[in-house]
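In what follows, a single structure is set out as structure tokens and then discussed.
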Amino acid sequence: MSQVVLISECFVRPKSEIQDSQKHHYFSPLALELLSLGNTQYGLLFKPSATFSSKNIYNNLQTSLSHALDFFYPLAGRFVTKKYEDEHSCSIFIDCRKGPGARLIHASALELSVADVAETSTDVPLVIQSFFDLGERQVNHDGHTRALLSLQLTELADGFFIGCCINHCIADGISLSHFLNILSQIFVSGAETTHVSRPPVFELPRSISESYPTLKLPFMEENEFITRFNESHLLRDRIFHFSASSMAKLKAKANAGAKNMLPTLSSYKALCGLIWRAITRARKLSCDEDTKFILTVNIRPRLNPPLSPDYFPNSVVLAIATAKVGELLTKDLGWATMLIHQQVEAVDDGAARKALVLSPGKSLTVEPPGHISFGANPVVMGGSPRFDFYGADFGFGKPVAVRTGYTNRDDGKLTSFPGCLGPNSVDLQVGIENMNELLLDEEFMSYVSSASKS
Numbered sequence: 192m193s194q195v196v197l198i199s200e201c202f203v204r205p206k207s208e209i210q211d212s213q214k215h216h217y218f219s220p221l222a223l224e225l226l227s228l229g230n231t232q233y234g235l236l237f238k239p240s241a242t243f244s245s246k247n248i249y250n251n252l253q254t255s256l257s258h259a260l261d262f263f264y265p266l267a268g269r270f271v272t273k274k275y276e277d278e279h280s281c282s283i284f285i286d287c288r289k290g291p292g293a294r295l296i297h298a299s300a301l302e303l304s305v306a307d308v309a310e311t312s313t314d315v316p317l318v319i320q321s322f323f324d325l326g327e328r329q330v331n332h333d334g335h336t337r338a339l340l341s342l343q344l345t346e347l348a349d350g351f352f353i354g355c356c357i358n359h360c361i362a363d364g365i366s367l368s369h370f371l372n373i374l375s376q377i378f379v380s381g382a383e384t385t386h387v388s389r390p391p392v393f394e395l396p397r398s399i400s401e402s403y404p405t406l407k408l409p410f411m412e413e414n415e416f417i418t419r420f421n422e423s424h425l426l427r428d429r430i431f432h433f434s435a436s437s438m439a440k441l442k443a444k445a446n447a448g449a450k451n452m453l454p455t456l457s458s459y460k461a462l463c464g465l466i467w468r469a470i471t472r473a474r475k476l477s478c479d480e481d482t483k484f485i486l487t488v489n490i491r492p493r494l495n496p497p498l499s500p501d502y503f504p505n506s507v508v509l510a511i512a513t514a515k516v517g518e519l520l521t522k523d524l525g526w527a528t529m530l531i532h533q534q535v536e537a538v539d540d541g542a543a544r545k546a547l548v549l550s551p552g553k554s555l556t557v558e559p560p561g562h563i564s565f566g567a568n569p570v571v572m573g574g575s576p577r578f579d580f581y582g583a584d585f586g587f588g589k590p591v592a593v594r595t596g597y598t599n600r601d602d603g604k605l606t607s608f609p610g611c612l613g614p615n616s617v618d619l620q621v622g623i624e625n626m627n628e629l630l631l632d633e634e635f636m637s638y639v640s641s642a643s644k645s
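If you read the sequence shown in this note's numbering, its first letter stands for residue 192, the second for the next number, and so on.
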């Protein structure tokens, strides 16, 4: 198997003294629940049309990252825990000035080509996991000692890959794509940057965040509430493409099945219904068993008034649809899609505020890793085709593919991102034990497009 070789690494601090960085960044209840989970990871694959020097790219990334951290200053800090022995509790926050900064890695995998990484007719190569923080495993709580942001430039035989890891307590996939777009703008400008097109927002309205400095976890020591997920087996991961025309057909199929029901179901929710049914069939479960579909929902626009789309800290919650296996598989695609739609629509202003504001008398909790808290037979969809990864142009042309890393992987974990087949297409990364059965699922595979189709 191809190996990733470390060439060099360094830590990067903001270029300027930022006044706001003197303040601590406090977490929402939503963020504190994620301390046992892994960070969020997405990477971009590039194939330059001209010769390039990975050393020059690395040096330019170092300069650009320093400028970018002037705007994204919490990513240069580290977690701090303050303990309250008389209450047997602790509070966790970011000291934006603690630690050596963000991590920048230069590596190579010269036995691999861009085509090897982009190939989707076979399983995703395991070596790609080492394109993110060198494949080193961690949980978000490790932000006390580990970088909250890590960038890895991996040189390939005919291109390069930029892997980005951000601590999930401070950011979600929307935040990560926002960061990469701003970083690429600074990289291309090649000059001192004092303004960017979309400066990140870190402050919430005081009515929401005023309690954050006083939030306490009912624990003192890490081993009381941090659980590390040990992978007992290697899942098979594969990328499936869905062209714009396939997505349109899915939408039409779902809405035909949900006839006389309003509103119109989206193509993305139809895709969710499709893969939920397909994975449930592949698992060969009993008809009376329960199955769940869990979808991440961005709450920024769901608050009233809405948060800025550039609000950076993690702002996603889970919409959970539950069904009996027999009912899910005997009813049609429209029924499954409508079930998912109803749970997403239930995430309104009230639900969003509940995630961001701790109710009186309620204790903070920390979710265990993997799918432990979801019960049996979950299918979990992360990511979004709305993430603007293909807008991150570092001057070598747009990325030719998007890939995810190794974190939070479990049987039935899915990640969606913008498709490589053009506007309105979707790519779906699927990790599942029953991959052979999924590949034989006629309904699912009838909508899958080859990478050569438009």
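Cβ coordinates follow ideal geometry from the N, Cα and C atoms, glycine included.
Item to check | Whole-angstrom C-beta distance between Ile399 and Leu266, which should lie under 8 angstroms | outcome: Wrong, their Cβ atoms sit about 22 angstroms apart, outside the cutoff.
Item to check | As assigned by DSSP and simplified to three states, the class of Val516 | outcome: Helix.
Checklist entry - Ser645: buried (16+ other C-beta within 10 angstroms of its C-beta) or exposed? => result With a pLDDT of 35 at Ser645, under the threshold of 50, the modelled position of that residue is not reliable, and the figure given next carries that caveat. Result: exposed.
Next on the checklist: Contact between the segment 565-584 and the segment 442-457 is defined here as three or more beta-carbon pairs at a separation below 8 angstroms; is this criterion met?
Outcome noted: The segment 565-584, when compared against the segment 442-457, does not touch it at the 8 angstroms Cβ threshold.
Checklist entry - How would you write the range of the beta strand (DSSP E) that Lys274 sits in, first residue to last? => result Run containing Lys274: Arg269 to Tyr275, per the beta strand (DSSP E) assignment.
Next on the checklist: What ranges does the alpha helix (DSSP H) occupy inside the segment 472-513, keeping only unbroken runs of at least 4 residues that lie completely in it?
Outcome noted: Within the segment 472-513, there are no complete alpha helix (DSSP H) runs of at least 4 residues.
Item to check | Segments of 4+ residues assigned as alpha helix (DSSP H) that fall wholly inside the segment 543-594 | outcome: Listed in chain order, nothing qualifies, since the segment 543-594 has no complete alpha helix (DSSP H) run of 4 or more residues.
Next on the checklist: Distance check for Gly610 and Ser641, CA to CA, integer angstroms please.
Outcome noted: Going by the C-alpha atoms only, they are around 12 angstroms apart.
Next on the checklist: So Leu223 and Leu395 are supposed to be a Cβ contact under 8 angstroms. How far apart are they, rounded?
Outcome noted: The Cβ separation is near 14 angstroms, so there is no contact.
Item to check | Close beta carbons around Asp584, own chain, < 6 angstroms, minus the five adjacent residues each side | outcome: These residues qualify, in order along the chain: Ser375.
Item to check | Whole-angstrom C-beta distance between Ile377 and Ser255, which should lie under 8 angstroms | outcome: Contact flag correct, Cβ pair sits at about 5 angstroms.
Item to check | Unbroken beta strand (DSSP E) run spanning Tyr217, endpoints | outcome: According to the DSSP assignment, Tyr217 belongs to the beta strand (DSSP E) that extends over His215 to Tyr217.
Checklist entry - What is the rounded straight-line gap between the Cα of Gly613 and the Cα of Ala435? => result Pairing Gly613 with Ala435, the inter-Cα distance amounts to about 8 angstroms.
Item to check | Cα-Cα separation between Gly525 and Trp467, rounded to whole angstroms | outcome: For Gly525 and Trp467, the distance between alpha carbons rounds to 12 angstroms.
Next on the checklist: Less than 8 angstroms between the beta carbons of Ser368 and Phe565, yes or no?
Outcome noted: Cβ distance not < 8 angstroms, so Ser368 and Phe565 don't count as in contact.
Item to check | Range of the contiguous beta strand (DSSP E) that encloses His297 | outcome: Start and end: Ala293 to Ser299.
Next on the checklist: Can you give me the C-alpha to C-alpha distance between Cys463 and Val621, rounded to a whole angstrom?
Outcome noted: Within the model, the alpha-carbon separation for Cys463 versus Val621 is close to 12 angstroms.
Next on the checklist: Let me check understanding here. Comparing Cα to Cα, which of Leu301, Leu406, Ala259 and Phe243 lies closest to Gly552?
Outcome noted: Closest in alpha carbon position to Gly552, among Leu301, Leu406, Ala259 and Phe243, is Leu406.
Next on the checklist: Using 8 angstroms for Cβ pairs, my map puts Ser257 next to Arg337. What's the rounded Cβ distance?
Outcome noted: About 19 angstroms separates the two Cβ atoms, so there is no contact after all.
Checklist entry - Would you call Cys478 buried or exposed, if buried means 16 or more other Cβ atoms sit within 10 Å of its Cβ? => result The residue in question, Cys478, is exposed, as its Cβ has fewer than 16 Cβ neighbours within 10 Å.
Next on the checklist: Since Phe323 and Ile248 should fall inside the 8 angstroms C-beta cutoff, what is the C-beta to C-beta distance between them, to a whole number of angstroms?
Outcome noted: For a cut-off of 8 angstroms, the C-beta gap from Phe323 to Ile248 is around 17 angstroms, too long to register as a contact.
Checklist entry - To which residues of the same chain is Asn495 closer than 8 angstroms at the C-beta, ignoring the five residues directly before and after it? => result Its chain contains Asp540 as the residues whose beta carbon lies nearer than 8 angstroms to that of Asn495, once the 5 sequence neighbours on both sides are disregarded; these appear in chain order.
Checklist entry - Since Leu197 sits in a beta bridge, which residues does DSSP pair it with? => result When DSSP reads this structure, Leu197 sits in a beta bridge with Ala298.
Item to check | Same chain, Cβ closer than 6 angstroms to Ser366, five either side skipped, listed in chain order | outcome: Listed in chain order, the non-local C-beta contacts of Ser366 below 6 angstroms within the same chain comprise Phe503, local neighbours out to five positions each way being set aside.
Checklist entry - Does DSSP classify Gln620 as helix, strand or coil? => result Strand.
Checklist entry - Would the beta-carbon of Ala348 fall within 8 angstroms of that of Ser304? => result Here Ala348 is near Ser304, since their CB atoms are less than 8 angstroms apart.
Checklist entry - Around the C-beta of Thr242, are 16 or more other C-beta atoms found within 10 angstroms, so that it is buried, or is it exposed? => result The residue in question, Thr242, is exposed, as its Cβ has fewer than 16 Cβ neighbours within 10 Å.
Checklist entry - In whole angstroms, what is the alpha-carbon distance linking Asp363 and Thr471? => result Each residue's alpha carbon lies about 27 angstroms from the other.
Next on the checklist: Measuring alpha carbon to alpha carbon, tell me which residue in Cys201, Glu302, Phe393 and Val557 is nearest Val212.
Outcome noted: The sequence shown places Ser at residue 212, not Val. Of the candidates Cys201, Glu302, Phe393 and Val557, the one whose C-alpha sits nearest the C-alpha of Ser212 is Phe393.
Next on the checklist: So for Ile285, helix, strand or coil by DSSP?
Outcome noted: Three-state result, Ile285: strand.
Item to check | Proximal residues to Cys281 (C-beta, below 7 angstroms), its chain only, five neighbours per side dropped | outcome: Counting only Cβ-Cβ distances below 7 angstroms, and skipping sequence neighbours, we find Thr272, Lys273, Lys274, Tyr275, Lys407, Leu408, Phe410 and Met411.
Checklist entry - In terms of residues, what are the limits of the alpha helix (DSSP H) holding Ile399? => result First-last of the alpha helix (DSSP H) with Ile399: Arg397 to Ser400.
Item to check | Nearest-angstrom Cβ-Cβ length linking Leu426 and Glu628, presumed shorter than 8 angstroms | outcome: The pair is not a contact, with the Cβ atoms about 14 angstroms apart (cut-off 8 angstroms).
Next on the checklist: Using the Cβ count rule (16 or more neighbours within 10 Å means buried), how would you classify Gln533?
Outcome noted: Here Gln533 is exposed. Its C-beta has fewer than 16 other C-beta atoms within 10 Å.
Next on the checklist: On the DSSP letters alone, give me the boundaries of the beta strand (DSSP E) that Gln232 sits inside.
Outcome noted: Unbroken beta strand (DSSP E) run through Gln232: Thr231 to Phe237.
Checklist entry - Does the beta-carbon distance from Phe673 to Leu295 come in below 8 angstroms? => result Nothing about residue 673 can be reported from this structure: the residues present for the chain run from 192 to 645 only.
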